[in-house]
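One structure is given here, and the rest of the page talks about it.
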Amino acid sequence: MWRRLEERVSGLCSVLTGLTVVYWAQSVNGMGNISMVKRTVDRLLRGYDIRLRPDFGGSPVTVGMSIHIASIDMISEVNMDYTITMYFQQGWRDKRLSYTAIPLNLTLDNRVADQLWLPDTYFLNDKKSFLHGVTVKNRMIRLHPDGTVLYGLRITTTAACMMDLRRYPLDQQNCTLEIESYGYTTDDIVFYWKGGDTAVTGVDNLELPQFTIVELRLVSKEVVFATGSYPRLSLSFRIKRNIGYFILQTYMPSILITILSWVSFWINYDASAARVALGVTTVLTMTTINTHLRETLPKIPYVKAIDIYLMGCFVFVFLALLEYAFVNYIFFGKAPTQHTKPLGKASTNADWGSFPNTGIDVHGNILLSTLELTEEVLPSELASSVSNSRNSVMSFDSSGIQFRRVGSRDGLEPTPRERKRDRELTKSRLHQRSSKLKLRIPHLMDVSAIDKWSRVVFPITFGFFNIIYWLYYVH
C-alpha cells in the first residue's frame, strides 16, 4: 500500500517538473523573440536615410494604392464639393527594410512612419483634409520580410466637384478624387491601382440621402507640367440625384398652387375682393417658393430645369390673375367707355314725356317701374346711377323703383310750394341721368364665357407643359 502511494507521488512530481520546464522554455523563447524583433528593427532603422527613395538612381518605385470608402458625408451644390471619409492604403517595396531573422510581418507603432521614406502623395482637388487622431493618429505601418511596406491612413477630405446644374434636380453629376505625386516625376515613382477594378471598396454599402451612385471608374494616367511628367490616379463616380425630395418640397406645392389659382374661374365675376385676393396670394406664394430655392443654390448664370418649371407655374398663376383683370375691364371699363352718349343739349332737351308711364304720387315720389332700359339693370347699379345725392332716397319694391327727395322738414308735410319745387328739381335730375340709365351693358353670358373658356384652356395648357417638361428632362 505504501509502495503504491510512493509511486503516485513520484508521478505527480514528474508531471509538475515537466510543466515547469516547458513554461520556462516558452518564456525564454518569447523573450528571445522580443529581443530578436528589437534587434531587427534597430538594424533596419540604423543608417536608414529617409531623404532617398528606394532604389535611388535606378528604376522608379511602384506604389500600389487602394481605398475603402467609409462614408460620403455631404455633397454640396452651393460650394461645389463633397466630403468623403476613407481608409487610404499605399504599398511599395523598399529593399533597405528587408529582413530574414524572423519569418513574421512586423506591425509597428505609427510613430515609426516618421522615420521611413513615404511617397509624397496628395489629393489634387482637395479643399480641406485632416487625419483622424482619436485616440492616437489613425495610421498604420507594416513591414514584410521582403521589404514591402504597407502604409494606411484614415482620412476625411473635402474635394472639389464641378457640377453642371442645367438639369437640376433631374441631373447626374460626375465627381472625382485625383491622387498625384507632388514632387517625384514618373522617372522616380509610378502609381497604380492595387487590385485593379477591386481597388476601391465600400461603395455598395454607402447610403446617400439625395444621391445614388450609378457608376464607378478607376483611371491611371500621366499628366505633363512645365516641371515634368507626373503620375496620377483618378477615382471617378457618377451620382444620380433622387427626385423624391424635390417632388414633395417643390413640384407638388407648385402644382397645387397653380391649380388653386384656377378656383377664381368659378367665382362670380363681381366678387372682386375674393378673386383679387386669391390671385395675389397665389402669385406671392410662387414667388416665395422660387426665392427659397435660389437661396439653396449657387449664383450661376444659366437657367436650371427647376427654374423653368417654377417660372412656368408662375406664368400660369399670373395669367389667372390677369384673366380677371380682363374680365373686369370688359364688364366695367370698356363697354361704358364705348357706348356712353355725350351729355349736353341732347340730354337736357330730352322731353320728360319720353317716359310715358312715369308717375308721381301725392308725396312727390317718382315711379320708374316702367322706365325703358335696353338691357337688364340691377337695383344696386341703378341706385348708384340715380341716387348720388345725399338728400335723395332710392327704394325698390314690387311696384317699381321710387326716387324720393327727403323733405326739408322732418316729420312735417311739405307745403305745396316745396312740393312743386322738389318736383321740378327731380325732373331736372332724372333728365340728366336718363342717358346713363340707357347705357348698353354687355351680356352676362359674354363675361361668363371668358371664365368658362379659362376653365378648359388653363388646365389643358398646363398639362401639355408638364408632359413636355418631364419627357425632355427625364429622358
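For the sequence shown, this note's numbering begins at 1144 and goes up steadily by one. Quick reminder that beta carbons are idealized off the backbone N, C-alpha and C, glycines included. Please read all numbers here as calculations on a predicted model, not as lab measurements.
Going by beta carbon distance, what residues of the same chain come within less than 8 Å of residue i, once the five residues before and after it are set aside?
i            : result
residue 1326 : 1263
residue 1410 : 1417, 1418 and 1421
residue 1453 : 1393, 1397, 1429, 1432, 1433 and 1436
residue 1439 : 1220 and 1221
residue 1206 : 1233, 1234, 1235, 1262, 1264, 1332, 1333, 1334 and 1335
residue 1223 : 1303, 1304, 1305, 1306 and 1441
residue 1267 : 1321, 1322, 1323 and 1375
residue 1470 : 1412, 1590, 1593 and 1594
For residue i, count the other beta carbons within 10 Å of its own beta carbon; 16 or more makes it buried, fewer makes it exposed. Which is it?
i            : result
residue 1227 : buried
residue 1395 : exposed
residue 1306 : buried
residue 1404 : buried
residue 1653 : Outside the modelled stretch of the chain, which goes from 1144 to 1618, sits residue 1653, for which no answer is possible.
residue 1200 : exposed
residue 1591 : exposed
residue 1187 : buried
residue 1181 : exposed
residue 1460 : buried
residue 1559 : exposed
residue 1412 : buried
residue 1380 : buried
residue 1218 : buried
residue 1204 : buried
residue 1466 : buried
residue 1373 : buried
residue 1196 : buried
residue 1565 : buried
residue 1382 : buried
Any idea what DSSP makes of residue i, helix, strand or coil?
i            : result
residue 1326 : coil
residue 1196 : coil
residue 1187 : helix
residue 1596 : helix
residue 1615 : helix
residue 1238 : helix
residue 1346 : helix
residue 1386 : coil
residue 1213 : strand
residue 1180 : helix
residue 1204 : strand
residue 1413 : coil
residue 1604 : helix
residue 1302 : strand
residue 1467 : helix
residue 1229 : strand
residue 1295 : strand
residue 1405 : helix
residue 1288 : coil
residue 1309 : coil
residue 1444 : coil
residue 1429 : helix
residue 1378 : strand
residue 1220 : coil
residue 1546 : For residue 1546, the predicted model reports a pLDDT of 45, less than 50, meaning its position is unreliable and no value from the coordinates is stated.
residue 1251 : strand
residue 1392 : helix
residue 1245 : coil
residue 1419 : helix
Can you find the residues in the same chain that come closer than 6 Å, C-beta to C-beta, to residue i, ignoring five residues on each side of it along the sequence?
i            : result
residue 1293 : 1234 and 1285
residue 1290 : 1236, 1237, 1238, 1240 and 1241
residue 1601 : 1405
residue 1594 : 1408
residue 1301 : 1224, 1226, 1270 and 1271
residue 1314 : 1384
If residue i and residue j are in contact, beta carbons under 8 Å, what's the gap, nearest whole angstrom?
i            : j            : result
residue 1308 : residue 1220 : 7 Å
residue 1318 : residue 1400 : Contact flag wrong, Cβ pair sits at about 34 Å.
residue 1386 : residue 1312 : 6 Å
residue 1114 : residue 1363 : Not covered by the structure: residue 1114. The range shown for the chain is 1144 to 1618.
residue 1464 : residue 1426 : 6 Å
residue 1310 : residue 1616 : 6 Å
residue 1297 : residue 1230 : 6 Å
Which same chain residues, not among the five before or five after residue i, have their C-beta less than 7 Å away from its C-beta?
i            : result
residue 1443 : 1308
residue 1388 : 1353
residue 1279 : 1253
residue 1605 : 1401 and 1459
residue 1193 : 1258, 1259 and 1260
residue 1256 : 1282, 1284 and 1294
residue 1273 : 1299
Review point. When the Cβ atoms of the region 1284 to 1291 are set against those of the region 1249 to 1267, are three or more pairs found closer than 8 Å?
Key: yes
Exercise for review: Inspect the CB distances between the region 1416 to 1427 and the region 1341 to 1356 and report whether three or more fall short of 8 Å.
Suggested key: no
Review point. Is it a yes or a no for the region 1205 to 1216 touching the region 1340 to 1348, going by three-plus beta-carbon pairs under 8 Å?
Key: yes
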